[in-house]
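Residue numbers (the working numbering), protein chains in the order written: chain Z, 1 to 231; chain H, 232 to 462.
Below is one structure, written out as structure tokens; the observations come after it.
There are 2 protein chains.
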Amino acid sequence: MNYADFVRRFDESKESLFHQIYQDNRDIIKIKKEATAIKNFEKIFDAVFRITYEKGFQAMTMRDLSRETQLSMGALYAYFQSKDELLTIIQRQGRTMIKRVLESHCTPKDSPLKKLTTVVKAHLFLSELAKPWFYFNFMEAKNLSDTEREAILASEAYTETILFEILEDGEQKGVFQAGNHMLTASIIKAMQQEWYLKRWKYTRRNVSVDDYAACVLGFIESYCVKQEGKL
Amino acid sequence: MNYADFVRRFDESKESLFHQIYQDNRDIIKIKKEATAIKNFEKIFDAVFRITYEKGFQAMTMRDLSRETQLSMGALYAYFQSKDELLTIIQRQGRTMIKRVLESHCTPKDSPLKKLTTVVKAHLFLSELAKPWFYFNFMEAKNLSDTEREAILASEAYTETILFEILEDGEQKGVFQAGNHMLTASIIKAMQQEWYLKRWKYTRRNVSVDDYAACVLGFIESYCVKQEGKL
DNA sequence: GTCTATACACAGATAGAC
DNA sequence: GTCTATCTGTGTATAGAC
């Protein structure tokens, strides 16, 4: 699987994803018509990402957002009750999407190395496709309420555990090296994170996400896979 | 070299470091007595780190800072001309310190692998010793002016180039694998960054910086060093 | 150098017409 | 559902006494 394949597969499930997100937030969202809501939320999210990429969420004013979305202050406040709630909504959406997509790429019957490869690639490709969400999720975590913060940590722990379990399984099956798999999993996550935190760097250097994935997988394989010449 | 050795060596040069930082900023700092200035700047910096770790620099108010430092608003403004300038000063201090320390750990006569090990460890140990600076430097970069932002990028590129050159040299000497060394260097940086961005995670899991360094170096060695069993 | 008290700008949020 | 106009709190920064 390369990035192009991943995008094709994602596009097919896009509509049902937006529908789910709308339904999940029915209690918060006051807008009646689903079509209008989805359309304007997309506009609002895009604007938030554009503005906060430059100066952060705190520094973004509601007037900035009004200008960028072409919606008045009044109109904006029909879509959320406070700036803080807007932040929460965005974070939630992001988590829903990420979880859904990653789970749809789990392949329980493959070999440990194949599983590891698939999971790492799926994460990288998703972060490429949804850069703003990933970047925002990371950078603006500190502005969240305690409960929302915990939800982020839980979702971090969740993806780390997926890696961890694959590593454990691989060791038991004798194909992976023994080692501190929790630490290994964390470092793999760090390599994935680099991609969306420093996206601009790789754009400038003409490194594609497929190139990057290959390099990360190179690191992982040479460290994790049991080899003849190695102790 | 382990972390304890590193700390010992750092402590010896600490005083001269503060002196240099004060002298470097003579034009900005209005306080006459060096001793008073250094003492209060330390107090201010610590407070800034404590507050912004929780909620970010933008969200920190001058009243927060006044409360935390036990200095009045008026007194604070004797140490900098605006909140923005405070940010700039902190960033500058950090860069000065980091550059000075890393350069003092360069070892031109060692073998490529030894050099790589030393550089990676020095960076990790320094980020452990000066966590708040590293964390702050990364998280608050977007609030800076264009020129200051460029200075950060330059210092990023600088440390990456150090890694790159060691990798190139090692390949030429036949001890390292061929490969895209620029990409490898970036990923090594990402692994270093993980340590100070997610410090709390490792505290909770009882992973020491020495443990972490060993794991990172494991990844690096198995990926970079030329081995018998490998193509 | 440090304090208290205050100026003044601008943020988030709402009311009420359309 | 969307607009314009406006309220009110809070933020940065300074003036002037000690």
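Idealized CB from N, CA, C, for every residue including glycine.
The structure displayed is predicted, hence computed values, not measured ones.
9 Å Cβ cutoff, residue i in contact with chain H
i, result
"Z:Cys106", "no"
"Z:Asn143", "yes"
"Z:Met62", "no"
"Z:Asp211", "yes"
"Z:Glu148", "no"
"Z:Lys121", "no"
"Z:Lys115", "no"
"Z:Gln227", "yes"
"Z:Lys201", "yes"
"Z:Lys198", "yes"
Backbone secondary structure at residue i - three-state DSSP
i, result
"Z:Phe80", "coil"
"H:Arg407", "A small correction: the amino acid at residue 407 of chain H is Phe; Arg does not occupy that position in the sequence shown. Three-state DSSP puts H:Phe407 in a strand."
"H:Val279", "helix"
"Z:Val207", "coil"
Pick from the options that is closest to residue i, judged by C-alpha positions
i, options, result
"Z:Val48", "Z:His19, Z:Phe136, Z:Glu194, Z:Ile220", "Z:Phe136"
"Z:Leu124", "Z:Pro112, Z:Lys55, Z:Lys198", "Z:Lys198"
"H:Phe276", "H:Lys404, H:Gln254, H:Phe249, H:Ala353", "H:Phe249"
"H:Leu360", "H:Leu333, H:Asp377, H:Asp295, H:Thr392", "H:Leu333"
"H:Tyr253", "H:Glu285, H:Arg380, H:Asn271", "H:Asn271"
"Z:Lys99", "Z:Glu85, Z:Tyr79, Z:Glu156", "Z:Glu156"
"H:Ala309", "H:Glu299, H:Met291, H:Thr267, H:Met328", "H:Thr267"
"Z:Asp146", "Z:Thr88, Z:Leu76, Z:Lys32, Z:Glu228", "Z:Thr88"
"Z:Thr236", "Z:Ile152, Z:Glu85, Z:Ile188, Z:Lys43", "Past the edges of chain Z, shown from 1 to 231, lies residue 236 of chain Z, and the structure says nothing about it."
"H:Met370", "Z:Ala122, Z:Gly179, Z:Phe57, Z:Phe164", "Z:Phe57"
"Z:Lys14", "Z:Thr184, Z:Met97, Z:Tyr223, Z:Glu148", "Z:Met97"
"H:Ser342", "H:Phe311, H:Glu399, H:Ser313", "H:Glu399"
"H:Arg380", "H:Gln322, H:Thr390, H:Ser453", "H:Gln322"
"Z:Glu171", "Z:Glu34, Z:Val209, Z:Cys224", "Z:Cys224"
is_contact[residue i, chain Z] using C-beta, thresh 9 Å
i, result
"H:Asp255", "no"
"H:Met370", "yes"
"H:Glu359", "no"
"H:Lys245", "no"
"H:Gly410", "yes"
"H:Lys270", "no"
"H:Lys314", "no"
Exposure of residue i, with buried meaning 16 or more beta-carbon neighbours within 10 Å
i, result
"H:Lys346", "buried"
"H:Asn374", "buried"
"Z:Leu65", "buried"
"H:Gly325", "buried"
"H:Thr348", "buried"
"Z:Lys173", "exposed"
"Z:Cys106", "exposed"
"H:Leu384", "exposed"
Within chain Z, partners of residue i - CB distance below 8 Å
i, result
"H:Arg436", "Met182"
"H:Val447", "Ile187"
Interface partners of residue i on chain H, CB under 8 Å
i, result
"Z:Gly170", "What Z:Gly170 touches in chain H: nothing, since even the nearest Cβ is about 15 Å away."
"Z:Met191", "Ile418, Ala421, Met422"
Listed by chain order, chain H residues near residue i by CB distance under 7 Å
i, result
"Z:Phe219", "Ile418, Phe450, Tyr454"
Under 9 Å by beta carbon: chain H residues contacting residue i
i, result
"Z:Ala151", "Correct list: empty, because the minimum Cβ distance to chain H is about 16 Å."
"Z:Ala59", "Gln289, Lys373, Asn374"
Per-residue contacts from residue i into chain Z (C-beta, under 9 Å)
i, result
"H:Ala278", "Residues of chain Z passing the Cβ test: none, with the nearest at roughly 17 Å."
"H:Lys286", "Gln58, Lys142, Asn143"
"H:Glu425", "Ser186, Ile187, Lys189, Ala190, Met191, Gln193, Glu194"
Proximity test, residue i beta-carbon vs the ligand FAD heavy atom, cut-off 8 Å
i, result
"H:Thr283", "With respect to the ligand FAD, the structure shown offers nothing to examine, as it has no ligands at all."
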